[in-house]
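Numbering (the numbering used here), first residue to last: 1 to 683.
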């Protein structure tokens with residue numbers, strides 16, 4: 001095969017590989033873009049559907065507010081008079097019907113069948129969890145498939161003033177939300193139940209002709225052909241009011257023009273690329289044919305010399321490449337025989353020396369460790385025989401073998417020295433490891449003992465709700481919390497932080513907690529209790545350890561909290577209306593610093609539903625990977641941003657801890673993290 005042909009084929013192969021690579025990269029990029037677009041489209045569809053349900057829920061909440069404010073309706077409910085209920089609903093224009101805003105009005109009692117007006121309600125209308133939530137005063141809402149898989153948007157709320165919990169449920173047909181959703185997205189929207197049956201659609205004819213098959217429990221994004229039209233298909237699972245799978249929302253968006261344009265551009269790009277590659281190959285082949293013609297004549301002359309024909313002459317001579325080749329042909333003929341004889345002799349001597357030295361070096365390499373032996377063998381293989389005729393091949397090969405021998409000698413000496421040092425280090429490491437194992441076991445036992453002395457059971461008094469959390473920075477720490485019932489009217493609670501960390505702080509923490517609780521059970525006044533505790537701990541405090549304490553006593557009948565802050569971070573008071581304010585300091589110093597100190601008492605009045613959030617400096621002094629401090633302002637912002645008047649204390653602690661972890665971004669915990677959320681429910 002001619003050189004011109006080989007070069008042309010190589011270039012052609014390179015162009016083909018380049019085109020294939022670019023095409024594969026483009027195809028992969030297109031697939032990644034399609035995946036990203038699918039994720040975005042499915043997330044947007046889920047979010048928009050949530051907005052539609054929220055809008056429906058607001059409309060239903062308005063109807064609930066009207067009914068709960070109407071005395072005729074409440075009177076009819078107490079009497080159980082269905083006719084009076086219909087008259088009250090008719091007067092408020094809330095009587096359910098096909099052309100009315102509401103499709104269902106029902107009264108649900110856990111012991112009786114629901115009283116329903118409008119569409120036949122599903123059975124059960126509300127699951128037990130949703131019914132319990134509504135009966136406790138929460139506003140419950142969401143999607144529910146009624147009889148015949150009719151999708152309904154429900155909203156439920158407990159009726160006030162009932163001897164037994166009665167929940168009022170209003171429902172609207174989901175087609176209202178579905179039509180607004182289709183209008184917003186410029187698509188055809190449909191709802192399927194878990195069996196794949198159509199529950200509601202904005203275009204029944206298109207849905208029947210499309211014959212779409214989707215999984216009701218997984219999201220899907222793709223294209224679907226309906227006749228000559230191309231549609232974008234998005235399906236997202238739907239959850240009912242109880243959070244269980246209720247069906248799937250499917251949208252079909254007409255993308256025929258965009259799909260046709262994309263296919264046309266793809267064909268055009270492919271045709272243009274093929275034409276360009278063909279033109280380049282033809283031009284290259286023509287250029288190589290003209291450029292390599294003189295070289296072909298020079299090759300013919302060299303072939304004649306190889307056959308022993310010394311009469312051959314080149315037709316063209318000069319200072320160009322062809323002329324220099326002709327001069328080299330003459331010199332080649334004269335020196336070929338002398339060079340061959342010299343090379344043969346030198347090669348024989350070199351190979352004999354190389355075999356001897358290599359054999360000795362391999363014996364030495366076998367005496368070293370595995371790593372050094374593999375490296376030496378690699379160096380020996382790297383110094384392989386030089387090609388025949390290589391310049392200075394003999395001297396270079398011998399120099400390389402000498403360098404390998406020197407390296408091997410040094411490694412053998414180092415190996416003996418390192419083995420001696422390693423034996424000594426291994427003996428010391430074994431002793432250290434044994435000691436560390438015992439110490440780690442003792443620390444684990446100490447951590448379990450420390451956590452076991454903290455209170456485990458929540459207070460039994462329903463007037464107070466409480467949740468605590470502690471995360472030590474080490475196996476044992478100095479933070480602690482405590483709460484206890486002093487008598488039937490007083491409830492004590494503590495948040496404390498011992499100076500230092502580790503075992504000393506843990507021991508001081510255990511002493512402090514024991515003395516504080518023993519004193520508080522007999523001394524109701526926080527100031528007197530704190531003064532006695534300070535005097536006890538300050539005596540013989542040679543280690544100069546101290547502890548910051550916030551100790552409060554809640555008067556359960558009135559909600560008044562009397563407290564003493566001994567140098568601790570001030571708690572935050574979150575009112576039932578969502579406002580957040582820090583609890584005023586009392587100017588007390590840390591406990592165990594100096595005996596005889598008189599602590600001042602502060603007080604704060606709690607209203608039903610108010611919540612106190614106590615914490616240690618492990619929260620506000622948490623640092624992220626950029627050494628930025630969490631701070632009081634961020635904590636206050638998190639407490640202020642919590643939604644819901646009926647927020648549980650556990651939810652408050654969880655939200656704060658989650659925000660701290662998000663802020664740290666993987667940074668190691670520097671201090672113990674402890675918090676307590678206490679809410680007074682009222683007398």
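The C-beta atom is built at its ideal place from N, Cα and C for all residues, glycine as well.
| Item | Value |
| --- | --- |
| Enclosing alpha helix (DSSP H) for residue 509 [first to last residue] | 502 to 520 |
| Bridge-paired residues (DSSP) for residue 287 | Partner(s): none; residue 287 has no beta bridge. |
| Segment contact, 8 Å Cβ cut-off, at least three pairs: the stretch 158 to 165 with the stretch 83 to 96 | no |
| Environment of residue 462 [buried if 16+ CB atoms lie within 10 Å] | exposed |
| Per-residue DSSP class, three states only, for residue 57 | helix |
| Residue closest to residue 583, alpha-carbon to alpha-carbon, out of 426, 219, 569 and 455 | 569 |
| Cβ-based burial, residue 546 [other Cβ within 10 Å; buried from 16] | buried |
| Pick from 544, 174 and 478 that is closest to residue 513, judged by C-alpha positions | 478 |
| For residue 249, the nearest candidate out of 428, 121, 665 and 236 (CA to CA) | 236 |
| Cβ-Cβ distance between residue 117 and residue 169 below 8 Å | no |
| C-beta contact flag for residue 150 and residue 199 at 8 Å | yes |
| Residue 565 - partner residues in DSSP beta bridges | 550 |
| Inter-residue CB distance, residue 601 and residue 564 (contact presumed, cutoff 8 Å) | 6 Å |
| Alpha carbon of residue 346 to alpha carbon of residue 306, nearest angstrom | 24 Å |
| DSSP state of residue 381 mapped onto helix, strand, coil | helix |
| Among 665, 428 and 93, the one whose alpha carbon lies nearest that of residue 626 | 665 |
| Residue 186 in three-state terms, based on DSSP | coil |
| Option nearest residue 273 by Cα separation, candidates 433, 8 and 17 | 17 |
| Residue range of the beta strand (DSSP E) that includes residue 495 | 490 to 498 |
| Whole-Å CB distance - residue 566 paired with residue 599, under 8 Å assumed | 6 Å |
| Residue 649 versus residue 227 - alpha carbon distance | 58 Å |
| Buried/exposed call for residue 122, threshold 16 Cβ in 10 Å | buried |
| Stretch pair the stretch 45 to 65 + the stretch 135 to 145: three plus CB contacts closer than 8 Å | yes |
| Residue 91 vs residue 72 beta-carbon contact at 8 Å | yes |
| Cβ-based burial, residue 218 [other Cβ within 10 Å; buried from 16] | exposed |
| From 498, 493, 64 and 261, residue whose alpha carbon lies closest to that of residue 676 | 493 |
| Cβ shell of residue 653 (< 7 Å), same chain only, five flanking positions each side left out | 467, 469, 675 and 677 |
| Nearest-angstrom beta carbon gap, residue 234 and residue 224 [assumed within contact, 8 Å] | Not really, about 10 Å apart at Cβ, beyond 8 Å. |
| Between the CA atoms of residue 464 and residue 483 - distance to the nearest angstrom | 11 Å |
| Straight-line gap, residue 680 to residue 530 (C-alpha atoms, nearest Å) | 23 Å |
| CB of residue 673 within 8 Å of CB of residue 471, strictly | yes |
| Residue nearest to residue 144 in terms of C-alpha spacing, selected from 156, 133 and 409 | 156 |
| C-alpha gap between residue 208 and residue 230, whole angstroms | 16 Å |
| Backbone CA spacing between residue 197 and residue 215 [nearest angstrom] | 11 Å |
| First through last residue of the alpha helix (DSSP H) which encompasses residue 664 | 649 to 664 |
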